[in-house]
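First comes the structure, then the notes that go with it.
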Amino acid sequence: MESIEIVSPNPSAPEGHDEAMIAAIDKANAGPVGDNITTPAETVERPEGLPEGFDSWDQLAKAYADLKAPAPETPAATAEPEPSTATPDEASKALESKGLDLDEFSQEFDRTGALSPESYDRLAKAGYPRGVVDQYVAGQQALADQHISAIKGEAGGADEYASLVTWAKANLAPAQIEAFNTAVNGSLEQAKLAVNGLNAQYRSAIGSEPNLIGGGKAAAADVFESTSQVTEAMSDKRYRSDPAYRARVQAKLLRSNVF
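Quick note on full-length UniProt numbering: the sequence shown kicks off at 1 and runs consecutively.
Right, here's the structure in full:
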């Protein structure tokens, strides 16, 4: 008689069992907590002979190209021309050797206060670029300013000189004015001498003749008879260092009529 084996079904797993088993397996496979799993970086070999600081020949080529590229131009600062120390005689001879006349350019500058583009062009063709010309002009202007300041200083300053000239125009004869102008446009010493002489006449005319150091008035005959006598008296070193001597010369000049 055949027997029938009765197999009992497995009991159902408790709730949550499967999830717990899966978590346990995952934990076992994951390794220790906190370990970071990194993938080894791919090692790139540097080309042989490549200098340090570059990763490729392309980087080196770019750096070399940047180095050879011209630097951006910066605008040159505009500066005032440095005054030239060349004298008018030197400039005149230099221009004459190039077939040019300094007086022509000087007259143009005196008339208009500047040189024309045509004049600059002629000078440039002769070998004198604008910068050189401007340096010479600046030097001559500086000397002229010093010359004028020294002349006006002999009259006591710009205001006093203006008063002196105004008086001269109204009171001197044309020949006297012409002689004064000629002297003023001469050397500095001639100009100073002329201003001193005219100033003496001016002070005498307006009644401000200074008293003599010793008191009283000098004899009428005690006067300068020529400009050379005035020059000689003023050239004496005492005129600069001795106030009493200088006062006597000025008083004598007041009584003279040599201009």
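Glycine included, C-beta positions come from ideal geometry on N, C-alpha and C.
No experiment lies behind these values; they were computed from the predicted model shown.
Residue burial classification, residue i (beta-carbon count within 10 angstroms, cutoff 16)
i           : result
N185        : exposed
S56         : exposed
S235        : exposed
N10         : For N10, the predicted structure reports a pLDDT of 47, less than 50, and the residue's modelled location is therefore unreliable. A value from the coordinates is still provided. Burial call: exposed.
K152        : buried
residue 264 : Absent from the model: residue 264. The displayed extent of the chain is 1 to 259, so no value can be given.
R111        : exposed
A155        : buried
A251        : buried
A191        : buried
P243        : exposed
Rounded distance between the beta-carbons of residue j and residue i, thought under 8 angstroms
i    : j    : result
L193 : A179 : Wrong, their Cβ atoms sit about 12 angstroms apart, outside the cutoff.
A205 : N171 : 7 angstroms
R255 : V223 : 5 angstroms
A126 : K98  : 4 angstroms
Within 8 angstroms, strictly: CB atoms of residue i and residue j
i    : j    : result
S92  : L102 : yes
V132 : F109 : no
L164 : N199 : yes
V249 : S226 : no
L100 : R130 : no
For residue i, the nearest candidate out of the options (CA to CA)
i    : options                : result
Y202 : L95, A233, Q229, L253  : L253
S228 : E189, Q135, Y245, K62  : E189
D89  : Q140, D58, D134        : Q140
A142 : R238, Q59, T87         : T87
H147 : Q135, S187, Y128, D134 : S187
Y128 : E232, D159, A94, G157  : A94
A162 : S149, E118, A173       : S149
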